[in-house]
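Notes follow the structure.
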Amino acid sequence: MSQREWIEKDFYKDLGVSPDATQDEIKKAYRKLARDLHPDANPGDAKAEERFKAVSEANAVLSDPAKRKEYDETRRLFASGGMPGGFRPGAGGFSGGTGATFDIGDLFGGGGDGGLGDLFGGLFNRAGGGTASTAGRSRPRRGSDVETETTLDFRDAVQGVTVPLRMTSPAPCTTCHGSGAQPGTSPRVCPNCNGSGVVSRNQGAFGFSEPCDDCRGSGSIIDNPCSDCRGTGVQNRTRTITVRVPAGIKDGSRIRLAGQGEAGLRGAPSGDLFVTVHVRPDRVFGREGDDLTLVLPVSYGELVLGGTVSVPTLDGRVGLKIPPGTADGRVLRVRGRGVPKRGGGAGDLLVTVKVAIPQNLDEKATEALHNYLRAEEASGFDPREGWAGA
Numbered sequence: 001m002s003q004r005e006w007i008e009k010d011f012y013k014d015l016g017v018s019p020d021a022t023q024d025e026i027k028k029a030y031r032k033l034a035r036d037l038h039p040d041a042n043p044g045d046a047k048a049e050e051r052f053k054a055v056s057e058a059n060a061v062l063s064d065p066a067k068r069k070e071y072d073e074t075r076r077l078f079a080s081g082g083m084p085g086g087f088r089p090g091a092g093g094f095s096g097g098t099g100a101t102f103d104i105g106d107l108f109g110g111g112g113d114g115g116l117g118d119l120f121g122g123l124f125n126r127a128g129g130g131t132a133s134t135a136g137r138s139r140p141r142r143g144s145d146v147e148t149e150t151t152l153d154f155r156d157a158v159q160g161v162t163v164p165l166r167m168t169s170p171a172p173c174t175t176c177h178g179s180g181a182q183p184g185t186s187p188r189v190c191p192n193c194n195g196s197g198v199v200s201r202n203q204g205a206f207g208f209s210e211p212c213d214d215c216r217g218s219g220s221i222i223d224n225p226c227s228d229c230r231g232t233g234v235q236n237r238t239r240t241i242t243v244r245v246p247a248g249i250k251d252g253s254r255i256r257l258a259g260q261g262e263a264g265l266r267g268a269p270s271g272d273l274f275v276t277v278h279v280r281p282d283r284v285f286g287r288e289g290d291d292l293t294l295v296l297p298v299s300y301g302e303l304v305l306g307g308t309v310s311v312p313t314l315d316g317r318v319g320l321k322i323p324p325g326t327a328d329g330r331v332l333r334v335r336g337r338g339v340p341k342r343g344g345g346a347g348d349l350l351v352t353v354k355v356a357i358p359q360n361l362d363e364k365a366t367e368a369l370h371n372y373l374r375a376e377e378a379s380g381f382d383p384r385e386g387w388a389g390a
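Dropping the structure here:
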C-alpha cells in the first residue's frame, strides 16, 4: 500500500477505535469484527467480504507498532493536504508562516539515510524529481496477515497435538498459480511506468509520485487475464491447514505460520497466519508453569499411618508414598511427571493430599472411633496444644 493510500484511509475508523487506542483495544476490536464479517459467517455477502478485507488491512497496519507509527506520522503531516503552516518555496529551503527558513532535506532525513524520507518511500521529491528513486522500491503488495483461534483439551495442549484448521480466505489462484495471467501467457512490463508501478506529476514545487493508472501500481500489465481469478492471482478458497501445536503450550499463546495468511496480488508473498490457542480446564489436573498439580483425597488413617497410593499421570498411573504422620494439605512431589519442556525433560507432578471426612459411619466404626479418641486423650495428645487461640 502506498503512503498516499494511507493518507486517504482511516484505519482507526475501520476498526471503530480512537487514534489513541491501546494495542489490546485494537486487537479486541479486530477479533470481534473479523468474527462477525468472516466469509464463513456471511456466505455470498459481498459487502461483508469487502468490510472483512478492510478491517484485515487496517489491523495489519495498526497491530504493528512500527507501521502504526509511520501511519500516524504520515497522516499527521499530510492530512490537511500539504505541508503544515502553508510552506512556500524560499531561498535555500522553504519558509513557513513565522518567517523561519529550513531545508526540506532536514525534514525528510537528509540524503535518504533514515528520517521521513525513508518513511514516505519517495512520495515527495524535489520539483521535477524523477521516478528513478521510486522505481527500485516498487514491489508487489504482500498479503495481509490473518488471525484465527482454536481450542484444545488440556491434555492435548500439554502433550502436543496436530490439529486441522478449516478456513476460508484469499489464497493463490490454483489455475494461474498467482500470476494473474491465463495459463500459457505471462504479464508484460508496463510501458507507462517502465515496471516501477509509480509515475510522477508536478505540483508546484513538488514532484508527486502516485500509482500508475495503466497497471494500477503493479508494474505489469496482463493482456490475457486468468478467467478464474480475473487477473488478480487470488481466489477466496476454503482450505484445510494442518497446525502442529508444540507440547506444553499455554492458554492464550499464539502460533505463527509463515506464508499461510492472505495471498498477495499477482504472485506477491502471502501474509502470515497467527493461531491463538485456548486451553480447556481439566477435571483432574491443574498447571503451575511446567508442573502439573492435582488434589488427592486420602483417609485420616492413611495420613497417620502412611502408605502407598495410586495417582494418575498423563501417561498412566504411578505409586505415591505417603510418609507416616503426613499433615493434611501437604504437597508431595513426583519428579518428571509434569509438562514437557522445550529443551527436553519435564516438570514435576505436585500432589496435594486432602483428608476426606466420612459422612456416615456404622455403629461398629463409630464405637471404634470413640475408643480411639479415648486412647488418644489418655496418651496425652492435645491437637490444640500451642495454638494461639487456646
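Heads up: the sequence shown at position 178 corresponds to 178 in full-length UniProt numbering, and the numbers run straight through without jumps. Positions of the beta carbon are idealized from the N, C-alpha and C atoms, including for glycine.
* **Nonlocal neighbours in the same chain, by C-beta distance under 6 Å from D214, ignoring five residues either side** => Cβ within range, chain order: C190 and N192.
* **Bridge partner(s) assigned by DSSP for P225** => According to DSSP, P225 bridges with A181.
* Asked: Using a Cβ-Cβ cut-off of 7 Å (strictly less than) and excluding sequence neighbours within five positions of P312, which residues of its own chain qualify?
  -> These residues qualify, in order along the chain: V284.
* **Simplified DSSP assignment, three categories, for S379** => Correct three-state label for S379: coil.
* **Delimiting residues of the beta strand (DSSP E) encompassing N236** => Here the beta strand (DSSP E) through N236 covers V234 to V245.
* For V339, which of helix, strand or coil comes out of DSSP? -> In the structure shown, V339 sits in coil (DSSP, three-state: anything other than H, G, I, E or B).
* **Between the CA atoms of T366 and G301 - distance to the nearest angstrom** => So the two alpha carbons sit approximately 15 Å from each other.
* Asked: Nearest-angstrom Cα distance between residue 400 and V295?
  -> Residue 400 lies beyond the stretch modelled for the chain, which goes from 1 to 390, so this question has no answer here.
* Taking only the alpha-carbon atoms, compute the straight-line gap between S310 and T151 and give it to the nearest angstrom. => The straight-line gap from Cα to Cα measures roughly 31 Å.
* Asked: Between which two residues does the beta strand (DSSP E) containing A58 stretch?
  -> No beta strand (DSSP E) holds A58; the alpha helix (DSSP H) holding it covers A46 to L62.
* **Which of helix, strand or coil DSSP assigns to F285** => Here F285 sits in coil by DSSP.
* From S138 to P211, what does the alpha carbon distance come to, in whole angstroms? -> Confidence at S138 is low in this model, with a pLDDT of 44, below 50, so its placement is unreliable and the value that follows should be read with caution. Going by C-alpha positions, S138 is about 10 Å away from P211.
* For A58, which residues of its own chain have a beta-carbon under 7 Å away from its beta-carbon, when the five flanking residues on both sides are left out? -> Answer for A58: F11, D14 and L15, listed in chain order.
* Between the CA atoms of L257 and G307 - distance to the nearest angstrom -> Distance between the alpha carbons of G307 and L257 is about 50 Å.
* Asked: So what does DSSP say about F108, is it helix, strand or coil?
  -> The predicted model places F108 with a pLDDT of 39, which falls under 50 and marks its position as unreliable; any figure quoted below should be read in that light. Three-state DSSP puts F108 in coil, outside helix and strand.
* Asked: Would DSSP call G128 helix, strand or coil?
  -> At G128 the pLDDT is 38, less than 50, meaning the model places this residue with poor confidence and gives no usable figure here.
* If you drop the 5 nearest sequence neighbours on each side, which residues of the same chain put their C-beta closer than 8 Å to that of N236? -> The answer, listed in chain order, is P39, E49, T168, S169, P170 and A171.
* Give the DSSP bridge partners of P324, in chain order. => Paired residues: none, contrary to the question.
* Inter-residue spacing [alpha-carbon to alpha-carbon] between A21 and R68 -> About 11 Å.
* **N-terminal and C-terminal residue of the alpha helix (DSSP H) that E302 is part of** => Membership of E302 in the alpha helix (DSSP H) is indicated by the continuous run Y300 to L305.
* Bridge-paired residues (DSSP) for D291 -> As DSSP reads the structure, D291 sits in a beta bridge with E288.
* Asked: Which residues mark the beginning and the end of the beta strand (DSSP E) in which K13 is found?
  -> First-last for K13: F11 to L15, but that is the alpha helix (DSSP H), not the beta strand (DSSP E).
* Any idea what DSSP makes of T366, helix, strand or coil? -> T366: helix per DSSP, three-state reduction.
* Per DSSP, which one or two residues make a beta bridge with R330? -> Looking at the DSSP assignment, R330 forms no beta bridge with any residue, so it has no partner.
* Near L320, what residues of its chain come up, given a Cβ to Cβ distance below 8 Å and the 5 sequence neighbours on each side ignored? -> For L320, the CB contacts under 8 Å within the same chain, skipping 5 residues up- and downstream, are L296, T308, V309, S310, V311, L332, V334 and V351 in chain order.
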